[in-house]
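Trainee: With full-length UniProt numbering, letter number 547 in the sequence shown gets 547, and the count goes up by one each step, no holes. To start, I am sharing the structure in question, which I have written as structure tokens.
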Amino acid sequence: MRRRAFTCIARVKFCTSCAKYKTIVKLMPHDVAEFEPVLLLLQSQDRDDFSTWEIRFVLLLWLSILALVPFDLKSIDSSLDGHEEHGESIAIVADIVAICKTYLQDSGPTQQAAALCLARLLSRPDMEDQYLVAFLDYVKVELDAFCTASHAADSSQARIRQYKITGIMLCLSYICKFTPRDKHIVLMGEYFGHVMHVIDAIRAQDAATVVSSTVHRKLSTKLLQRMGLLYLPPKVMTWRYARGVRSLAANLAAAPHPVADASAAIDKTSNPFENDDDDMQVPAELEQVVDVLLCGLKDRDTVVRWSAAKGVGRVTSRLPFEFADDIVHAVLELFSANESDAAWHGASLAMAELSRRCVLLPDRLPQAVHVIGLALMYDVRRGAHSIGAHVRDAACYACWSFARAYEPALFLPFLKQTLAPIMLTVCALDRELNCRRAAAAAFQESVGRQGVGNFPHGIDLLTKADYFTLASISHAYLDVSRHIAQYAEYRYVLVDHLASVKLFHWDVNVRVLAASALGQLAPLDVAYALSAIVPPLLVASISPSSDVIVRHGATLALSEIVLHIASVPAFIDGEVMRRLKLIPIEMDKRRLYRGRGGEMIRVAVCTLMQTIAKLGWPLPITLAKKYLITVEECLKNPNELVRTVAIAAFQELATRYLAKLLDSPDHALYIQAIVPRFLSSVKDKSMLNPNVAARRGFLKALGVMPYVLLHPHVHQCVDLMIVAAVASYHTPDEQDAESRVAAIQALVDIVTKNRHEMTVDMLTRVLESLLKCADEDYSMDERGDVGSWVRREAMQGLHVIVQHYCAVGTRTGDDMYNQRVAVTGFGTGVIVETRALKRKMVSVQFAKPALGYFYFPPNGVGIFADDRALHVPTPRGLPSLEARHVITSSTHSTTPSSSVVGVPPAIVSKFCLVLVKQLSEKLDNIRSIAGTILVELVASATWIDGVPDRPHLTRWLHSSEGVNWSMAHDTFPIVIGLLDSPSYMEAVVEGLVVSVGGLTESVVKASKRALLGWLTARVQSQHFNAASQFAHLCVGLFQRHAKDDRVVVPLLKTIAFCLDQGAFAFLLQDGGALFGHALYDAVRAEMAKSSEVHKLSAGLAVLVGLLPSEVSVEKRSLRGICVCLGHRFPKVRKLAAEKLYTRLILHEDLVDQAKIGQVLAVLCDTAWDADLSLARNKRDVLVELLALDKIETIKSSDSRANLPSSPTSSRPVEDTSYKSLVKEMGY
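Shown next as structure tokens:
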């Protein structure tokens, strides 16, 4: 019964954690008959038993509601025994007061419950004369003791004193809340001075860093505000602002409010003092209360500032106008640049509370709106971070309060000019998620409360910038901001904020997003962007006095702005173009790449060079050479991002400028030397570059190089990339997985971008090398299976090449070249160039008499978006003589056409097998990629030849629609079906054994379940051929992967699992010794001279699994296990004995019945992990009992028996033993 009661009380405590005690305490039983039992149960508790604190907490809460029973407590106290009229005190009251005083010293939730219970009891009308006065006397003594002992040496008593003063202040705050004002105001004057002394002591301790207690400061703020409210009558002051009727439906349907109404609203509330509010007497103690509350607004802890803000709002709402206005003025003064972020946060909260209570009058509203606008933008950088998110969040709360407090006509000027644009700016462009959502909530409240007339396009903006769309910062910057900026009322605030603040933010991700967002907004007003935004950024980008983040943000923004403006298309001034093209040169000249943040500057400069090349601006040869030098330096940078943008910049530079310089005799030699220089940077003489960063960068650069530059050295490039891609061609010093990935990407780029120049031999060599990478690269380092990166990239590259070369009727990006198009308003012309900017642009050559010829002087070439250029079909009819001559000459040309070069079917067949193998392995991401590619290759690309057993594979894929290939429990039941296809069985087996014998639990379980189900189904249906083929393929893997532990160890575990489950039992029956002998030979070869315990353990499991089987196989397996019983590793000996003992118990017929007891006794009684000589002696006994051939022990000293003795003859033996120890320990 007692345990059940404790369980119920614990559940009540759990409810108070979920719904708070204020809700739960109202639901507790409060009959008079329960008063004394609850008190007695509480008195029986052991306060020192910390395991039952929940019981004491719930009982104290229960007493707090029972203390409010509407009866005289003397009639409840059974100890008075009917003579209550002669009793001067009530025993149960004294007991409750004594118990609660004790629990006020606790440091846990029982302290709060005791304070609540004591306050409820003492706030009863019949308790004030005696018990409340006595308790306040006790409080004054304890407060004085705390003040006098505050600077004493700390000890356990000092810590108890800290907890006690916390409980007392909490209890006093409850008493001030529950006790009637007219009765308690007299008593409060007796201890007010003591409370102020305690607050002074707390401030002194906090300033001297003796004790810093957030709880003390919060409770002192809460207590003083409640005491201040008791000094003031609960009266609604007539001077407060009154908005009037508020209707959401009326606001949303209302027309715009005229500004003239605002003045009327101000006049209506500016001078509302027709009554006697000013005649109210304000006690002198209230000045001290207000001072503490205003100081609390600057406290370093948020909970203290929040409590102080609520106190300021409550106290101010009961003061006369002059005093209230002074408090509002004091709060406004906290918005100063000299104040800390804590003061700004507290002042913002206070402004919100003042406006909520209609204390902030319209006369102060302009100042309030101004400072809240500053708080919405508050962001102060401190080292590598900034502070101010809490200030902006509180300012959004203030905006929310303003929207609810004031009439639309009054608030309209401030809303349009200040708050609405800033709120939308914070909503779309703030770094912190809570600030973006708080601004969206304030904006939503403003639209609803102030009406759509005060917020143009408010409803449309609300649907775009809501709680969920602002969750992603990239979506907020790139999508929400663009939607807001389409309205001119908010566009320029967003643009200016991006250009002046966010581009120079301390967070690099914010700067990148700000540059992209500014580029998207620039086309909305090109003239403003070019006149007001670009010139300051041009200066800031190359200013040595600017911070590195300023140069980085300005350079990124310039590249984005000009790229988006060119996509309009729009005209860019020649001087701006000249200054932009000189930025990379000035960066290098002024040495701005050096120092901290140089990598960021390189990224920005490479992005700018890529943009200039994309736009096709004319570039002198000297600038082109300097650009190339900068790019080559970046290609060797260790930072991967720098190399990536440098490769993209080099691709554009090489395509736009370098390839065209080959026709110039003055610069041809310089251009022709680029490829050899890049090749030497990858491989110097016979060794790959030990600088792996340079190797990766130049490999990718060779891949994106135009074929016209690559043509003289194309075979050398391909050979070098193949060598760099295949791990087996590398020495141990040259191994680098990222370099092999870069080489694969370069090979894919060359093959796909230069299809017309490829030969069958070159394409075959590339494909075979990629197949080798996808099938064989399982290299490992300290990061794990880094070869999986290479396999993944090789599979994806092969997929791209196969689709590119096997697709029928595919179109390239140059198909629009020389097409005849019509542009509305300009006539017809011919496309002479295409550019991929932020959208696809085409250059159209117009001829007379088309209007475009005269509109685009001097050559009649205009730039348009590709969707404006409409294709003009060629008129039907016979071709002209010149066209027929061209067709005839091309028909008799000996140059191989692109249709001749294709992917050989044999390569496609090998690729499918590689995909199936990777689909059967253990890595989730590799399975996902392999499965996706295989589905696309077979199901989507039906024109591809060479897919093995396509009908079976098609049926198999049809059953796998919607499968997540990365999930093992979904993948393996489908993959196991490919074992029924002879074409794929070997590939599936090679990958499946790695999964079944792996370490990942989910993969092992799924693969084992699928394999066992397949084998069981084949055996039960008498289809032994498939199961036998599977078993022999497993044995064949030992020869293909000899001494390769990556495959051998999982293979041993897989075979041991199949043997243990009886899946291979039909192969081990009488007359089936062939499989058993082959398996034993393979396992013995792998276990020989192996020092890997996990490998030996897996091999032992296979040898034990061969028992029982054909007699000769049994003998060999038993002898192999006995050899392990004498192994040099104790763990191996013990494991072999355990496995053999378990197997012999299950199959006693393996040993002669007369000897089985002795064999089991030897296995059980011998300490196999003890001395090696003892273990081998017992092993020999066991061999004799099992009638096996004697095992000869090879001693290391036998080979030295005939050597002449010498003084140093013991040295080689000692060295050998030391080497074996080192090898055994794994060093």
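Every residue, glycine too, gets a C-beta built ideally from N, C-alpha and C. Note that the structure is a prediction, hence the values are computed from the model and not measured.
In terms of residues, what are the limits of the beta strand (DSSP E) holding Q845?
Mentor: Position 845 of the sequence shown, counted from the first residue, corresponds to residue 845. 840 to 846 is the span of the beta strand (DSSP E), which, as asked, contains Q845.
Trainee: As a quick exercise: from I168, A930, S401, R436, pick the residue whose alpha carbon is nearest that of L116.
Mentor: If you number the sequence shown from 1, residue 116 lands on position 116. Residue I168 is the option with its Cα nearest to L116.
Trainee: Assign V9 to one of three DSSP states: helix, strand, or coil.
Mentor: If you number the sequence shown from 1, residue 9 lands on position 9. Reading the sequence as shown, one finds Ile at residue 9 and not Val. Three-state result, I9: helix.
Trainee: Name the two residues that bound the continuous beta strand (DSSP E) containing E833.
Mentor: Translated into the one-based positions of the sequence shown, residue 833 becomes position 833. Residues 827 to 836.
Trainee: Is the beta carbon of G997 less than 8 Å from the beta carbon of Q918?
Mentor: Reading the sequence shown from its first residue, position 997 is the one you call residue 997. Reading the sequence shown from its first residue, position 918 is the one you call residue 918. Going by C-beta atoms, G997 is not nearer than 8 Å to Q918.
Trainee: If contacts are defined as beta-carbon pairs under 8 Å, then L699 and A746 qualify, I think. What distance do you get, rounded to the angstrom?
Mentor: To locate residue 699, count along the sequence shown from 1; it is residue 699. To locate residue 746, count along the sequence shown from 1; it is residue 746. That pair is a contact at about 5 Å.
Trainee: How many angstroms separate the CA atom of D1060 from the CA atom of L1015?
Mentor: In the sequence shown, the residue the question calls residue 1060 occupies position 1060. In the sequence shown, the residue the question calls residue 1015 occupies position 1015. Each residue's Cα considered, the two are about 13 Å apart.
Trainee: How would you label K922, buried or exposed, when you count the other beta carbons within 10 angstroms and need 16 or more for buried?
Mentor: Translated into positions along the sequence shown, residue 922 becomes position 922. By the 10 Å Cβ count, K922 comes out buried.
Trainee: In this structure, does DSSP put H1147 in helix, strand or coil?
Mentor: Looking up residue 1147 in the sequence shown gives position 1147. In this structure, H1147 counts as coil in the three-state DSSP scheme.
Trainee: In three-state terms, what does DSSP make of R1128?
Mentor: The residue labelled residue 1128 in the question sits at position 1128 within the sequence shown. R1128 falls in the coil class under three-state DSSP.
Trainee: Distance check for L978 and A1137, CA to CA, integer angstroms please.
Mentor: Here residue 1137 corresponds to residue number 1137 of the sequence shown, with the count starting at 1. Here residue 978 corresponds to residue number 978 of the sequence shown, with the count starting at 1. A1137 and L978: Cα-Cα distance of roughly 39 Å.
Trainee: Cβ atoms of R820 and T828: under 8 Å apart, would you say?
Mentor: Locating residue 828 in the sequence shown gives position 828, where the first residue counts as 1. Locating residue 820 in the sequence shown gives position 820, where the first residue counts as 1. It is a contact, given that the beta carbons lie within the stated cut-off.
Trainee: Specify the secondary structure class of R243 as computed by DSSP and reduced to three states.
Mentor: By one-based count along the sequence shown, residue 243 stands at place 243. It is coil, neither helix nor strand.
Trainee: Where does C1034 land, buried or exposed, given buried means 16+ other C-beta within 10 angstroms?
Mentor: In the sequence shown, counting from the first residue as 1, residue 1034 sits at position 1034. Result: buried.
Trainee: If we count the other Cβ atoms within 10 Å of its Cβ and call it buried at 16 or more, is H711 buried or exposed?
Mentor: Numbered from 1 along the sequence shown, position 711 holds the residue referred to as residue 711. By the 10 Å Cβ count, H711 comes out exposed.
Trainee: Helix, strand or coil: which one does DSSP assign to S386?
Mentor: Here residue 386 corresponds to residue number 386 of the sequence shown, with the count starting at 1. Correct three-state label for S386: strand.
Trainee: Whose CA, out of L172, T1054, D106, M127, lies closest to the CA of E54?
Mentor: Numbered from its first residue, the sequence shown carries residue 54 at position 54. Here the closest residue by C-alpha is D106.
Trainee: Using 8 Å as the threshold, is the segment 284 to 294 in touch with the segment 221 to 238, meaning 3 or more CB pairs across them?
Mentor: Contact between the segment 284 to 294 and the segment 221 to 238 is present, because at least three Cβ pairs lie under 8 Å.
Trainee: According to the Cβ coordinates, are S739 and V692 closer than 8 Å?
Mentor: Within the sequence shown, the letter at position 739 stands for residue 739. Within the sequence shown, the letter at position 692 stands for residue 692. Yes, these two residues count as a Cβ contact at 8 Å.
Trainee: Mind reading off the beta-carbon distance from L653 to V708? Whole number of angstroms is fine, and I expect it under 8 Å.
Mentor: Along the sequence shown, read from residue 1 onward, the residue named residue 653 stands at position 653. Along the sequence shown, read from residue 1 onward, the residue named residue 708 stands at position 708. Actually they are not in contact, since the Cβ atoms of L653 and V708 sit about 14 Å apart, beyond 8 Å.
Trainee: Using CA atoms only, rank isn't needed, just tell me which of S1021, Q610, L1037 is closest to L1079.
Mentor: The residue labelled residue 1079 in the question sits at position 1079 within the sequence shown. Considering only alpha carbons, the answer is L1037.
Trainee: Throw me the rounded Cβ distance for the L521 and V495 pair, which I believe falls under 8 Å.
Mentor: By 1-based counting over the sequence shown, the position of residue 521 is 521. By 1-based counting over the sequence shown, the position of residue 495 is 495. The Cβ separation is near 5 Å, so the contact holds.
Trainee: Under 6 Å Cβ to Cβ from T894, same chain only, skipping five residues before and after it: list those, please.
Mentor: Taking the sequence shown and counting its residues from 1, one reaches residue 894 at position 894. Bear in mind that the predicted position of T894 carries a pLDDT of just 37, short of 50, making it unreliable; the figure below should be weighed with that in mind. Taken in chain order, the list of residues that qualify is empty.
Trainee: Just how far apart, CA to CA, sit A906 and R783?
Mentor: Translated into positions along the sequence shown, residue 906 becomes position 906. Translated into positions along the sequence shown, residue 783 becomes position 783. Their Cα atoms are separated by approximately 35 Å.
Trainee: Have a look at the DSSP bridge pairing and note the partners of F864.
Mentor: One-based indexing of the sequence shown puts residue 864 at position 864. According to DSSP, F864 bridges with V842.
Trainee: Determine the contact status of D126 and D72, defining contact as a CB-CB distance below 8 Å.
Mentor: The count along the sequence shown starts at 1 and reaches residue 126 at position 126. The count along the sequence shown starts at 1 and reaches residue 72 at position 72. Yes, Cβ-Cβ distance for D126 and D72 is below 8 Å.
Trainee: Which complete alpha helix (DSSP H) runs does the segment 947 to 1033 hold, if anything under 4 residues is left out?
Mentor: Segments of the alpha helix (DSSP H) lying fully in the segment 947 to 1033: 950 to 958, 968 to 975, 982 to 996, 1001 to 1020.
Trainee: Within 10 Å of its beta-carbon, does Y855 have 16 or more other beta-carbons around it, so buried, or fewer, so exposed?
Mentor: Within the sequence shown, residue 855 is the residue found at index 855, counting from 1. Exposed, because fewer than 16 other Cβ atoms sit within 10 Å of the Cβ of Y855.
Trainee: Name the residue from H216, D341, R240 whose alpha carbon lies nearest to the alpha carbon of R364.
Mentor: Within the sequence shown, residue 364 is the residue found at index 364, counting from 1. Of the listed residues, the one whose Cα sits closest to R364 is R240.
Trainee: For the segment 591 to 600 against the segment 564 to 573, do three or more pairs of beta-carbon atoms, one drawn from each stretch, fall closer than 8 Å, so that the two count as touching?
Mentor: The segment 591 to 600 vs the segment 564 to 573: no contact.
Trainee: Considering Cα atoms alone, identify which of L957, H483, R1009 is closest to F972.
Mentor: Within the sequence shown, residue 972 is the residue found at index 972, counting from 1. That would be R1009, whose Cα lies nearest to the Cα of F972.
Trainee: Quick one: Cα of D267 to Cα of V236, how far?
Mentor: What you label residue 267 is simply residue 267 of the sequence shown in a count that begins at 1. What you label residue 236 is simply residue 236 of the sequence shown in a count that begins at 1. A caution first: D267 carries a pLDDT of 45, below 50, which makes its placement in the model unreliable, though a value can still be read off. About 20 Å.
Trainee: Would P690 and H713 be called neighbours here (beta carbons separated by less than 8 Å)?
Mentor: Here residue 690 corresponds to residue number 690 of the sequence shown, with the count starting at 1. Here residue 713 corresponds to residue number 713 of the sequence shown, with the count starting at 1. Against a cut-off of 8 Å, the Cβ pair of H713 and P690 comes out as no contact.
Trainee: Could you please give me the residues that DSSP links to D684 through a beta bridge?
Mentor: In the sequence shown, counting from the first residue as 1, residue 684 sits at position 684. Partner(s): M687.
Trainee: Helix, strand or coil for G597? Go by DSSP, reduced to three states.
Mentor: As a first step, residue 597 is located in the sequence shown; it is residue number 597 there, counting from the start. Correct three-state label for G597: coil.
Trainee: With DSSP as the reference, label G311 as helix, strand or coil.
Mentor: Within the sequence shown, numbered from 1, the residue matching residue 311 stands at position 311. Correct three-state label for G311: helix.
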